[in-house]
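Each residue of the sequence shown is one higher than the one before, starting from 67 at the first, in our numbering. No residue lacks a Cβ here, since even glycine has one placed at the ideal position from N, Cα and C. Since we're looking at a predicted model, the values are computed, not measured.
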Amino acid sequence: MKFSLGLEGKKAVIVGGARGIGRATAELLVGEGAEVAICARDAATVDEAVAALSANGGMASGAAVDVTDKAGYEAWIQSCGEAMGTIDILIIMASGVGGAVDENSWRANFETTIMGASRGVDAAVSYLAKSDAGSIVLMSSTAAVENFFAPQPYNALKAALITYSSQLAQTVGEQGIRVNCVSPGPTYFDGGNWDMVNQGAPEVFQQVESGFPGGKLGSAEEVANAVVFLASPAASFVTGTNLVVDGGFTKRVQF
67 MKFSLGLEGK KAVIVGGARG IGRATAELLV GEGAEVAICA RDAATVDEAV
117 AALSANGGMA SGAAVDVTDK AGYEAWIQSC GEAMGTIDIL IIMASGVGGA
167 VDENSWRANF ETTIMGASRG VDAAVSYLAK SDAGSIVLMS STAAVENFFA
217 PQPYNALKAA LITYSSQLAQ TVGEQGIRVN CVSPGPTYFD GGNWDMVNQG
267 APEVFQQVES GFPGGKLGSA EEVANAVVFL ASPAASFVTG TNLVVDGGFT
317 KRVQF
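Okay, structure coming up:
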């Protein structure tokens, strides 16, 4: 028997799909025969990604969307469902930023990480419920599951996202929708956070890199492989889990 992800003809919405892990995820989905709709805040980045994804016959569309704009964000997801005919897969990569610990940072991270996920799910769930393979994948971080640098909104709200994902799986499972979370460790890609750390504070980058048993940070493609598997019908009996994809960076025992 040949193993198949079963993604041919599936319709996927990726929030934050224009660069990094989101872009790599979109590329894998298109390569498996899925149609994708992506969004990000920067229109030029979205346009470039859509053009690349559409090359060689890939089916892709995109728009500049800010997930903190409730009305615009929800309207975009609903428009994707109407344009594609349904939504089989919802992947939410939108994320707040780490570092700052002031009240504005707490609010900004909450709006992006938590409300970005909640609003996206609410807008898509009626379409997902009509699918025979409805699947949601949310993006957390190993910063949520183990002490990393210092207390900050990013870490705490990524932890809240794991709880939301697990409890959501129990709620929407009755509608045939699976929900899973992926928690990557430090991940390197051009123009990403760890690329900037490497350029601006190479000693910090090297310290973090030394924490990987394999001696290197993960790539966007390596994390995307896990995201696409969980999103696919091949993972039909996997729901409510948080999959840590970190190359052994975290040291806790995962029972």
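Exercise. Report the three-state DSSP secondary structure of E101 (helix, strand or coil).
Key: E101: strand per DSSP, three-state reduction.
According to DSSP, residues forming a beta bridge with Y254:
Answer is S285.
| said: Is A286 a contact residue of the ligand SAM, with contact defined as CB to any heavy atom under 7 Å? | reply: Among the ligands in the structure shown, none appear at all, so the ligand SAM cannot be discussed.
**Q.** Presumed contact (8 Å Cβ cut-off) between N246 and L309, rounded CB distance
**A.** That belief holds up - the Cβ atoms of N246 and L309 are roughly 7 Å apart, short of 8 Å.
### Query
Is M205 buried or exposed, if buried means 16 or more other CB atoms sit within 10 Å of its CB?
Classification of M205: buried, given that the 10 Å Cβ count is 16 or more.
Exercise. Hey, could you find the ends of the beta strand (DSSP E) G306 is sitting in?
Key: Here G306 belongs to no beta strand (DSSP E), and DSSP marks it neither H nor E.
Starting from A78, follow the beta strand (DSSP E) in both directions and report where the run begins and ends.
-> A78 -> beta strand (DSSP E) spans 77-81.
Fill in: Endpoints, alpha helix (DSSP H) assigned at M205
First-last for M205: 201-205, but that is the beta strand (DSSP E), not the alpha helix (DSSP H).
(Q) Quick check: the Cα distance between A235 and Y220, rounded to an integer number of angstroms? (A) So the alpha carbons of these two residues sit roughly 23 Å apart.
| message | Please list the terminal residues of the continuous alpha helix (DSSP H) segment that includes A235. | response | In this chain, the alpha helix (DSSP H) harbouring A235 covers 219-238.
- Would you mind reading off the limits of the beta strand (DSSP E) that contains S298? Secondary structure note for S298: it is in no beta strand (DSSP E), with a DSSP letter that is neither H nor E.
*Buried or exposed by the 16-neighbour rule on C-beta atoms within 10 Å, applied to R185*: Burial call: buried.
- Item | Own chain, CB closer than 6 Å to A103, minus 5 neighbours either side, in chain order | Excluding residues up to 5 positions away in sequence, V79, S127, C146 lie with their Cβ nearer than 6 Å to the Cβ of A103 in the same chain.
Worksheet entry | I155: first and last residue of the uninterrupted beta strand (DSSP E) it sits in | That run of the beta strand (DSSP E) goes 155-158.
(request) Pick out whichever of V293, A209, A267, V319 has its Cα sitting closest to the Cα of K224. (result) Per the Cα distances, A209.
V211 versus A226: straight-line alpha-carbon distance, rounded: Cα to Cα, V211 sits roughly 10 Å from A226.
Note to self: Tell me the DSSP secondary structure of V211 in three-state form.
What the structure shows: In the three-state scheme derived from DSSP, where H, G and I count as helix and E and B as strand, V211 is classed as coil.
Using a Cβ distance threshold of 8 Å, determine whether the segment 111-122 contacts the segment 181-198, with at least three qualifying pairs required. Because the criterion of three Cβ pairs below 8 Å is not met, the segment 111-122 and the segment 181-198 do not touch.
- [ ] Give the single residue among A115, M125, G88 whose Cα lies nearest to the Cα of G99.
- [x] Of the listed residues, the one whose Cα sits closest to G99 is M125.
- Query: By Cβ distance below 6 Å, which residues in the same chain neighbour F295 in space, the five residues on each side in sequence not counted?
  - Reply: Within the same chain, A301 come within 6 Å of F295 by CB-CB distance, once the 5 residues on both sides are set aside.
Can you give me the C-alpha to C-alpha distance between N259 and A267, rounded to a whole angstrom?
When rounded, the separation of the alpha-carbon atoms in N259 and A267 is 11 Å.
Under three-state DSSP, which class holds V245?
-> V245 falls in the strand class under three-state DSSP.
Next on the checklist: I need the straight-line Cα distance from P250 to V289, nearest angstrom please.
Outcome noted: In this model, P250 and V289 are separated by some 7 Å (Cα to Cα).
**Study point:** Closest by C-alpha distance to G277, when choosing among P252, S285, A297
**Key:** Out of P252, S285, A297, P252 has the C-alpha closest to the C-alpha of G277.
Checklist entry - Opposite A126 in the DSSP bridges: which residues? => result Residue pairing by DSSP puts A126 in a beta bridge opposite V102.
Using beta-carbon positions only, say whether G314 and G284 come within less than 8 Å of one another. No.
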